[in-house]
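Under the numbering used here, the first residue of the sequence shown is numbered 4, with each subsequent residue one higher.
Just below is one structure, and these are the notes that go with it.
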Amino acid sequence: MSHHPRWGVFVALLAVTALAVVGGAVFLVLRPAASSTAALSDSGPPGSELAVRDLARLAPRADLAGTTPSPAAPTPTPVSTGGPGVTLTPPRLFVVSQSTLPERTKEDISRLKHVQKVDSFDGGAVKVSGAGLNLLAVDPARFRTWAPKAVAGHPRVWEALTRGELVADSSAVRRLGLVLGAQYQVDAGPRLRVAASASFGLPGVDGLVGVETGRRLGLLPGVALLVNGPEKAVPALSAGVRGLLGSGAQVIVVGGRAGSAAKGPTTATGTKTGTGVGTTTGSTGRATVGRPGSYLELYRKSAAVCPGLSWTVLAAIGQVESSHGRNNGPSSAGALGPMQFMPATWKAYGVDGDGDGVSNIWSPYDAVPSAANYLCANGAAQGGKKLEKAVWFYNHSWAYVSKVLSVAQGYARAYP
4 MSHHPRWGVF
14 VALLAVTALA
24 VVGGAVFLVL
34 RPAASSTAAL
44 SDSGPPGSEL
54 AVRDLARLAP
64 RADLAGTTPS
74 PAAPTPTPVS
84 TGGPGVTLTP
94 PRLFVVSQST
104 LPERTKEDIS
114 RLKHVQKVDS
124 FDGGAVKVSG
134 AGLNLLAVDP
144 ARFRTWAPKA
154 VAGHPRVWEA
164 LTRGELVADS
174 SAVRRLGLVL
184 GAQYQVDAGP
194 RLRVAASASF
204 GLPGVDGLVG
214 VETGRRLGLL
224 PGVALLVNGP
234 EKAVPALSAG
244 VRGLLGSGAQ
254 VIVVGGRAGS
264 AAKGPTTATG
274 TKTGTGVGTT
284 TGSTGRATVG
294 RPGSYLELYR
304 KSAAVCPGLS
314 WTVLAAIGQV
324 ESSHGRNNGP
334 SSAGALGPMQ
344 FMPATWKAYG
354 VDGDGDGVSN
364 IWSPYDAVPS
374 AANYLCANGA
384 AQGGKKLEKA
394 VWFYNHSWAY
404 VSKVLSVAQG
414 YARAYP
């Protein structure tokens, strides 16, 4: 869970501009507030009818032989310079202005003592089904030098930006439950495909898009500025930049050891440097439910992972997503297993449900309690609107939420 300050309060300005302010940064939004609309996403595989299944007689599939694909080949470790011809200049300060920074101001900052490099980028906030995303619009060739070493050497990240796709920050993927490879409808804007996720180390930034995509989204030109200099000179750098900008902009200290420790990116195929797909071992999370002989008992035991969550919601998701293990994927977006997890989400929320020491995305005994774990992390145990939002995080579509809750009601009637 990220502890960076977030943008979250929206104030209307001149009918077409909104100011987003929370704690550590400010972004301007060039669009009026729009009503929430369902994001584009899969509502489940064919055959996931609304009629409830006989869970008491339906046994989870214990024999998983031949189900799990071979792990993806490891991606080569990035070189220390971030790739051919790329010399990294880690940001020390992240400046966010309420309006386009004048060229004269940027020149004055570049002449400050200790400043070695500055560069500005477009930025702003958009909404997807009512959830805010704070984005930077960047030229991949220029921004790549500012990226952490673990990210700069991965061409897929920069190719995705060139194609007009979204590269989400890893914290935003976890917080919003974004699905790599899926497309999302921006409120009053275009669709964006989430091609990859990576840790960029910029507080409050939920993702990157290319310059042209940023223009289509209405992001403001030149409102974000990155400043590079010696790490030991950060206090002097910060004081000098603040003195030039006054109170109209925010100056945030970034980089250092936290930036250099950022993890490598995950792409829409679910691959990541040095990792396979679908299973984790060792210090995996544990939520022991054993190996019940029926899906009914499995859902009931798994609901205990999240006290307050009805087992019927898990059963409904299991039916809609895979018809209780009949259609385990991969989906068109790369989701896997009976509860249709994306590998990146599984890495964060997957648990060892049957106590065999392995967290297996394909096993119902691991996947169902993992779904409870994920729903609980998004507030499902509180019921009501919180439950609805938690189900929405599972699949970003309000039609999906309605379908799941309708099926859950059917299970509640079938098994009073």
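Note that the Cβ used here is the ideal one computed from N, Cα and C, for glycine as well.
* Asked: Over what stretch of residues does the beta strand (DSSP E) that includes R194 continue unbroken?
  -> R194 to A201
* To do: Could you work out which residue in A383, W395 and Y298 is closest to D369 when comparing CA atoms only?
  => Y298
* Asked: In this structure, does DSSP put T90 in helix, strand or coil?
  -> coil
* What are the complete beta strand (DSSP E) segments, minimum 3 residues, inside the segment 315 to 378? -> Within the segment 315 to 378, the complete beta strand (DSSP E) segments at least 3 residues long are 361 to 363, listed from N- to C-terminus.
* Can you list, in chain order, the residues of its chain whose CB lies under 8 Å from that of L240, leaving out five sequence neighbours each side? -> Short of 8 Å from the beta carbon of L240, and not among the five residues preceding or following it, lie these beta carbons of its own chain, in chain order: R95, L96, L115, H117, V118, V230 and G232.
* Would you call the segment 188 to 197 and the segment 218 to 229 in contact, with 3 or more CB pairs under 8 Å? -> yes
* **Among A383, S366, G356 and V361, the one whose alpha carbon lies nearest that of P372** => G356
* Asked: So does the segment 136 to 147 actually touch the segment 302 to 322, counting three or more Cβ pairs closer than 8 Å?
  -> By the criterion of at least three beta-carbon pairs nearer than 8 Å, the segment 136 to 147 is not in contact with the segment 302 to 322.
* To do: Taking 8 Å as the threshold, find out whether the segment 322 to 330 comes into contact with the segment 170 to 184 through three or more Cβ pairs.
  => Flag = no, the segment 322 to 330 and the segment 170 to 184 do not touch.
* Inter-residue Cα distance where the pair is S335 and G204 -> Cα to Cα, S335 sits roughly 30 Å from G204.
* Using DSSP with H/G/I as helix, E/B as strand and the rest coil, what is Y418? -> coil
* Exposed or buried, which one is P346 when buried takes at least 16 other CB atoms within 10 Å? -> P346 is buried by the Cβ-count criterion.
* To do: Could you please give me the residues that DSSP links to V170 through a beta bridge?
  => A199 and L211
* P224: first and last residue of the uninterrupted beta strand (DSSP E) it sits in -> L223 to N231
* Asked: Below 9 Å between beta carbons: does that hold for A310 and L301?
  -> Note that residue 310 corresponds to Pro in the displayed sequence, not to Ala. Contact: no.
* Residue range of the unbroken alpha helix (DSSP H) whose run includes K116 -> Unbroken run through K116: none, as it is neither H nor E.
* Asked: So, do the segment 154 to 162 and the segment 125 to 133 have three or more beta carbon pairs nearer to each other than 8 Å?
  -> no
* Asked: DSSP three-state call for T2: helix, strand or coil?
  -> This structure does not reach residue 2, given that the chain is present from 4 up to 419, and the question cannot be answered.
* Asked: Quick one: Cα of Y397 to Cα of G328, how far?
  -> 17 Å
* **Length of the line joining the Cα atoms of T226 and G251** => Here residue 226 is Val; the residue named in the question, Thr, does not match the sequence. The straight-line gap from Cα to Cα measures roughly 11 Å.
* For K275, which three-state DSSP category applies? -> Note that K275 has pLDDT 47, beneath the 50 cutoff, so the model's placement of it is unreliable and no number is given.
* Asked: The beta strand (DSSP E) spanning A393 covers which residue range?
  -> Note, A393: premise wrong, no beta strand (DSSP E); alpha helix (DSSP H) at G387 to Y397.
* Can you tell me which of the three DSSP states G217 falls into? => helix
* Local conformation of A242 per DSSP, three classes -> DSSP places A242 in helix when its eight states are reduced to three.
* **First through last residue of the alpha helix (DSSP H) which encompasses A163** => P158 to T165
* Taking just the CA atoms, how far does G184 sit from R303? -> 32 Å
* Asked: If you draw a straight line from the alpha carbon of V244 to that of E106, how long is it in whole angstroms?
  -> 14 Å
* Asked: Can you name the residues that DSSP bridges to V131?
  -> A134 and V189
* **Nearest residue (CA-CA) to L136, options G207, T348, A201 and L164** => Its Cα nearest to that of L136, the residue G207 stands out among G207, T348, A201 and L164.
* Answer yes or no: do D209 and L179 have a C-beta to C-beta separation smaller than 9 Å? => Cβ atoms of D209 and L179: closer than 9 Å.
* Going by C-alpha distance, which of V182, L248, A374 and T269 is nearest K109? -> L248
* Are the CB atoms of Y352 and N376 nearer to each other than 9 Å? -> yes
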